[in-house]
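Undergrad: The opening position of the sequence shown corresponds to residue 448 in the working numbering, with each subsequent residue numbered one higher.
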Amino acid sequence: MKPRPTMTERIHVVDGTRFLARPEHRALRVLGVIGLVVLWEALGRAGAVPVLFLPSPLGVLREGWDMLRSGELLVHIGASLQRLAWGFVIGSALGIAVGVAVGFFAVAEAIGTPLIAATFPIPKIALLPLLILWLGLGEPSKIAVIALGVFFPMAINTYAGVRQADPLLIRAAVAFGAGRFSVIRKVVLPSALPMIVAGLRLAAGTALLLLVAAEMIAVESGVGFLVLHAGNIMATTKLMVGIVVLSLLGVLSHWGLGRLERALIPWRAGA
448 MKPRPTMTER IHVVDGTRFL ARPEHRALRV LGVIGLVVLW EALGRAGAVP
498 VLFLPSPLGV LREGWDMLRS GELLVHIGAS LQRLAWGFVI GSALGIAVGV
548 AVGFFAVAEA IGTPLIAATF PIPKIALLPL LILWLGLGEP SKIAVIALGV
598 FFPMAINTYA GVRQADPLLI RAAVAFGAGR FSVIRKVVLP SALPMIVAGL
648 RLAAGTALLL LVAAEMIAVE SGVGFLVLHA GNIMATTKLM VGIVVLSLLG
698 VLSHWGLGRL ERALIPWRAG A
């Protein structure tokens, strides 16, 4: 019979697995952002970079507050959020539906896999002129290019998640009388949730990139329009306000999707 490990041996085993822990280090995250802002302010005060090329954080903050009070910034943010929300929802819904179909049904996989492989490498912003030709200069073309950018990471990640579902669980569900769509809803989709959430994270970044690019063509509002227009008239402080707003949108989307992941996949967050 193998002897029980001593207290010293047990402590050694515990200490040996400390590197597996994932502390959040919230203080370090805050300090990293503060350090970047302090460095930015120091460069401005030292005169290392002319104010025309890099306004100070305080200057950007004052300009942003003035734009917020006048309502100009809210108009741009509201227009961008509307386009972003429509494109993200439409692209995500279509991507998840196609990913489940291609991953679960053999006929859909035979048809869909080559089409996705052929169209995925095309830069989505290159399709914007074609979308404008089809849908006009209005909002539909802007929403469509964002939806296209969101669709592919969602479809590919969902497909990968569906294919990773445990066959034993699927057979067990079928053995207990579950139908095809019941298996998808109760077994396949829960198994694919981690990959779907990972796809949402990728899609959020892609959506922001395409939003800015789309808003630089034939629009009169939006954060992308603000950045382009401010750059054209050399209003660098306004340009930096737009960049900071885009950064905040990225942080908020990352935080929101993290909360969504904890709500949908609590066992993963606990691990």
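Note that the Cβ used here is the ideal one computed from N, Cα and C, for glycine as well.
#1: Just to confirm before moving on: does the CB-CB distance between Val688 and Gly518 stay below 7 Å?
#2: For Val461, collect the residues of the same chain with a Cβ closer than 6 Å to its Cβ; drop the 5 residues on either side in sequence, then sort them by chain order.
#3: Starting from Leu486 and walking both ways along the alpha helix (DSSP H), at which residues does that stretch end?
#4: Hey, how far is the Cα of Gly703 from the Cα of Pro587?
#5: How would you label His562, buried or exposed, when you count the other beta carbons within 10 angstroms and need 16 or more for buried?
#6: In terms of residue numbering, what span does the alpha helix (DSSP H) encompassing Met601 cover?
#7: Nearer than 6 Å: is that true of the beta carbon of Arg476 relative to any heavy atom of the ligand GTP?
#8: Where does Met514 land, buried or exposed, given buried means 16+ other C-beta within 10 angstroms?
#9: Count the other CB atoms within 10 Å of the CB of Ser629; is the residue buried (16 or more) or exposed (fewer)?
#10: Is the CB-CB distance between Gly542 and Met601 below 7 Å?
#11: Within a Cβ cutoff of 6 Å, which residues of the same chain sit near Ala607, ignoring the five residues on either side of it in sequence?
#12: I'd like to check one pair, Gly538 with Val485: are the Cβ atoms closer than 7 Å?
#13: Here's the rule I'm using: 16 or more other beta-carbon atoms within 10 Å means buried, otherwise exposed. How should Thr605 be labelled?
#14: Taking 8 Å as the cut-off, does the stretch 655–665 touch the stretch 524–536 (at least 3 CB pairs, one atom from each stretch)?
#15: Between the C-alpha atoms of Lys633 and Leu696, what's the straight-line distance to the nearest angstrom?
#16: When you compare each of Ala548, Ala651, Leu580 to Thr627 by their alpha carbons, which one comes out closest?
#17: Please report the straight-line C-alpha distance between Pro724 and Ile481, rounded to a whole angstrom.
#18: Count the other C-beta atoms from every protein chain shown that fall within 10 angstroms of the C-beta of Ile631, then say buried if there are 16 or more, exposed otherwise.
#19: Grab the span of the alpha helix (DSSP H) containing Lys685 for me, first residue to last.
#20: Is the Cβ-Cβ distance between Gly652 and Glu662 less than 7 Å?
#21: According to DSSP, is Ala540 part of a helix, a strand, or is it coil?
#22: Since His472 and Leu673 should fall inside the 8 Å C-beta cutoff, what is the C-beta to C-beta distance between them, to a whole number of angstroms?
#23: Would Ala639 and Val609 be called neighbours here (beta carbons separated by less than 7 Å)?
#24: In whole angstroms, give me the CA-to-CA distance for Leu508 and Asp613.
#25: Report the rounded CA-to-CA distance for Gly583 versus Ala594, giving the unit in angstroms.
#26: Taking 7 Å as the cut-off, decide whether the C-beta atoms of Leu578 and Ala557 are in contact.
#27: Our contact map puts Glu708 next to Val635 with C-beta atoms below 8 Å; I'd like the distance itself, whole angstroms only.
#28: Leaving out five residues on either side along the sequence, give the residues of the same chain with a beta carbon under 6 Å from the beta carbon of Ala677.
#29: Which of the three DSSP states, helix, strand or coil, is assigned to Asp613?
TA: Looking at the atomic coordinates:
#1: no
#2: Unreliable positioning characterises Val461 in this predicted model, as indicated by a pLDDT of 49, which lies under 50. A coordinate reading is not provided.
#3: 473–493
#4: 26 Å
#5: Looking at the sequence itself, residue 562 is Leu, so the reference to His does not match. It counts as exposed.
#6: 586–610
#7: As far as ligands go, the structure on display features none, and thus does not contain the ligand GTP.
#8: buried
#9: exposed
#10: yes
#11: Met642
#12: no
#13: buried
#14: yes
#15: 34 Å
#16: Per the sequence shown, residue 627 should be read as Arg rather than Thr. Nearest option by C-alpha distance: Ala548.
#17: Outside the shown range of the chain (448 to 718) lies residue 724, about which nothing can therefore be said.
#18: buried
#19: 683–711
#20: no
#21: helix
#22: Not really, about 34 Å apart at Cβ, beyond 8 Å.
#23: yes
#24: 52 Å
#25: 16 Å
#26: no
#27: About 19 Å separates the two Cβ atoms, so there is no contact after all.
#28: Lys685, Leu686
#29: coil
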